[in-house]
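In what follows, a single structure is set out as structure tokens and then discussed.
Chains as they are written, first to last, in the working numbering: chain A, 34 to 255; chain B, 34 to 255; chain C, 34 to 255; chain D, 34 to 255.
Okay, structure coming up:
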């Protein structure tokens, strides 16, 4: 049985930039090594290279454009994040939604570049739709719970079980992360027991006074 | 065996507004009556009401927002197009793409309002994704063929058969339209033989000197 | 001295569709006739034609695309709203924001079609920017006050005076509306005294139990 | 008389990533030192830090979001690009257009962070609008000439003189760059003679076999 994957999204939080990004990455690496639980980190584009150089954690972009390299100013190509050391990318986070054709193109570009795709979705049916695009992961996050202190595991376990069932009906090879309000080992245990392969979280670690303490609690029931 | 459905998108073509919209609707109604082939028309929002009043054809909106009624300026609700006499709506046309969450919300709003949803897609994988949202129709249109004189039936039959297979693997209840370059009875015959339930077309009828002649040719092999 | 112009945005409020749209238009027409104050109404696209047919009020679209007629599904052209009887259109409302190039194209398309443009802005500097595009009106609405019960006249008179000054420095021919929270004759009097040419409002009329009573109060100090 | 500023946009060209980005930056630095002409470079987000560390050239982001740091996944804050060593950012490039309110917020965020803003525009009136937002530079680029071999200096000098006049009427403190098709010292000389303060260019340098030769030609008439 594979251990659940914990992916930490630093967003554009002040507490997740500069030296703080390094502190969180260092704490995550230490807890990953102590526990054997795989932990990844999704910093700003500018921090992909420094964090991938200094830490052994897998590093993810927060967004990627599926477009080919070329005359596209301000876009982020899969090849460019790969060169910066990324292992994969979030796609279609609820704070950076893109069109269906763009999600498809981004998943395809990541696959062709040898990178891992994590497509975010907001409910059971969009999770199933995302699974049809054959990404590595679908990450279901009910938008109304993102950034809150009540986790999806507690508030809406049905959306997790519904997503697991719907995603696997469409594409049994896709793994499932769940997110929104995840803040403790108990949240992760519930999510795992409901059939998911890990969690996507942000504020509970990034805004913590002591991220390492939160991280140790997160892995405590795995 | 159900006859294929022909849906005519008037876009914002000059040749599809004002009196011309009425002419095309009238011609379509006549050909539908002569042939027994179901024909629908998707005019501008402003023409939904007049065309639904004057003709017996089903009338579709070209786009709908899934959002609830409320403080949303310039949006188009499912309830509002229903009040204007619409039978359904296109969703996510390649000239009006929206996010995955918005497509899902639009399909849901149409369903709850008793209207028919036609979700447009650009390739096999996005067609499968659209099917997971449980619309009435998925309309596959390779963008590079839209508006051209070579039909998808002739240029890319594999995308049609691939879509039929992929959509039905995800959701056997979803019907499939195909579009892009459709201009003759022969195009429709091929599309039908490949397993689709009709076609979505625009310029070949709208920009024709004699739309009725094109329409008669379109139904000639059904 | 010209009387202030009152423009009522029906948004997609349930209370502003169907028969209710007619009731509000009828009440607005009556109050306009009683008072001599010019009142306009911005209904859904589908209601442009019916309201422009049945009432003598100027009718505005809530949004318009600047693009030329052609292969643009789900778009709204200036020519199409003109054919539906519109006198003008809102552009760039805070609930339907568009790019700078799109605002410019919309203003230009409205002007070339003989329609009135009302470009919405969110602060003093974007008001000045909008004025540089030479629309008929700039409508300044601080987004945080939209839909509330405290009017911009009371909460933030500085933004009104700042806008009047900045807009006229750039383009003295542009008239200024102000909106957000406008709900009484007193709000309009303050806005007028500060140098504006009218108001843009929505919920205070649309969601009122008796729109005509609110409308009579709105014109009471003019 | 200040020498014209040359800003090289690497876009997402393959020829502008990885080692090639370093080669172009090295060539630009050498030519800047030889000629005394100020040259800047706008690489991918991921290359901001490496290029700002290894070269003395000013480095610009290709896009920045005006939003405050916080729960915004995949966004690029002014503070984050400053930490990566950026001197400034392009805003609203025609390949990455944003709303008027977003342009205003980006210019404001750059100013508050001590960074230089270069707002791109597509014609005379949007240039004047951009100037009203008080950026450091407005960069006028007729979209139809971008990426081509005919420069705006030759094809449309009127748009340059019109922009200079309109921008300075709104805000005399704003400097003007011009772009689209710029590929030689002659193009820059014409642009300077018409009253601009420099040029924005991309393909002519990035896709050159020998960027240093193109750069030497670009500065040859200054």
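Every residue, glycine too, gets a C-beta built ideally from N, C-alpha and C. Note that this is a predicted model, so its numbers are computed, not measured.
Closer than 8 Å to chain G by CB, residue i
i, result
"residue 128(C)", "The structure shown contains no chain G; its protein chains are A, B, C and D."
Pairwise C-alpha distance: residue j and residue i
i, j, result
"residue 174(A)", "residue 221(B)", "42 Å"
"residue 93(D)", "residue 75(D)", "4 Å"
"residue 219(A)", "residue 107(D)", "28 Å"
"residue 71(A)", "residue 208(A)", "15 Å"
"residue 68(C)", "residue 58(C)", "15 Å"
"residue 87(B)", "residue 178(C)", "43 Å"
"residue 111(A)", "residue 119(A)", "9 Å"
"residue 115(C)", "residue 77(B)", "13 Å"
"residue 84(A)", "residue 148(A)", "17 Å"
"residue 53(B)", "residue 164(B)", "34 Å"
"residue 228(A)", "residue 161(B)", "24 Å"
"residue 237(A)", "residue 140(D)", "32 Å"
"residue 183(A)", "residue 217(A)", "10 Å"
"residue 255(C)", "residue 123(C)", "24 Å"
"residue 226(C)", "residue 37(C)", "10 Å"
"residue 176(B)", "residue 204(A)", "26 Å"
"residue 241(D)", "residue 127(D)", "22 Å"
"residue 223(B)", "residue 150(B)", "24 Å"
"residue 200(A)", "residue 191(A)", "14 Å"
"residue 251(B)", "residue 101(C)", "29 Å"
"residue 146(A)", "residue 206(A)", "19 Å"
"residue 99(D)", "residue 143(D)", "8 Å"
"residue 193(C)", "residue 189(D)", "39 Å"
"residue 46(B)", "residue 180(D)", "30 Å"
"residue 96(B)", "residue 48(A)", "41 Å"
"residue 202(B)", "residue 156(B)", "15 Å"
"residue 198(B)", "residue 89(C)", "55 Å"
Start and end residues, beta strand (DSSP E) containing residue i
i, result
"residue 173(D)", "170-173"
"residue 211(A)", "208-212"
"residue 41(B)", "38-42"
"residue 121(D)", "121-124"
In DSSP terms, what residue i is bridged to
i, result
"residue 153(D)", "172(D)"
"residue 132(B)", "132(A)"
"residue 232(D)", "39(D), 211(D)"
Unbroken alpha helix (DSSP H) run spanning residue i, endpoints
i, result
"residue 25(C)", "Any answer about residue 25(C) is impossible in this case: the structure gives chain C only from 34 up to 255."
"residue 195(A)", "190-203"
"residue 218(D)", "218-226"
"residue 238(D)", "236-239"
Beta-carbon separation (whole angstroms), residue i vs residue j, contact threshold 8 Å
i, j, result
"residue 169(A)", "residue 158(B)", "Not a contact, Cβ separation roughly 15 Å."
"residue 55(A)", "residue 79(D)", "No, residue 55(A) and residue 79(D) are not in contact; Cβ-Cβ is about 17 Å, not under 8 Å."
"residue 154(B)", "residue 171(B)", "6 Å"
"residue 245(A)", "residue 109(A)", "Between residue 109(A) and residue 245(A) the Cβ distance is about 30 Å, and since that is not below 8 Å, they are no contact."
"residue 43(D)", "residue 73(D)", "Contact flag wrong, Cβ pair sits at about 11 Å."
"residue 232(C)", "residue 211(C)", "6 Å"
"residue 134(D)", "residue 130(C)", "6 Å"
"residue 113(A)", "residue 50(D)", "6 Å"
"residue 132(C)", "residue 132(D)", "6 Å"
"residue 230(C)", "residue 66(C)", "Going by Cβ atoms, the distance from residue 230(C) to residue 66(C) rounds to 21 Å, so no, they are not a contact pair."
"residue 248(C)", "residue 61(C)", "6 Å"
Runs of beta strand (DSSP E) wholly within the region 64-112 of chain C (minimum 3 residues, chain order): Complete beta strand (DSSP E) runs here, min 3: 72-75.
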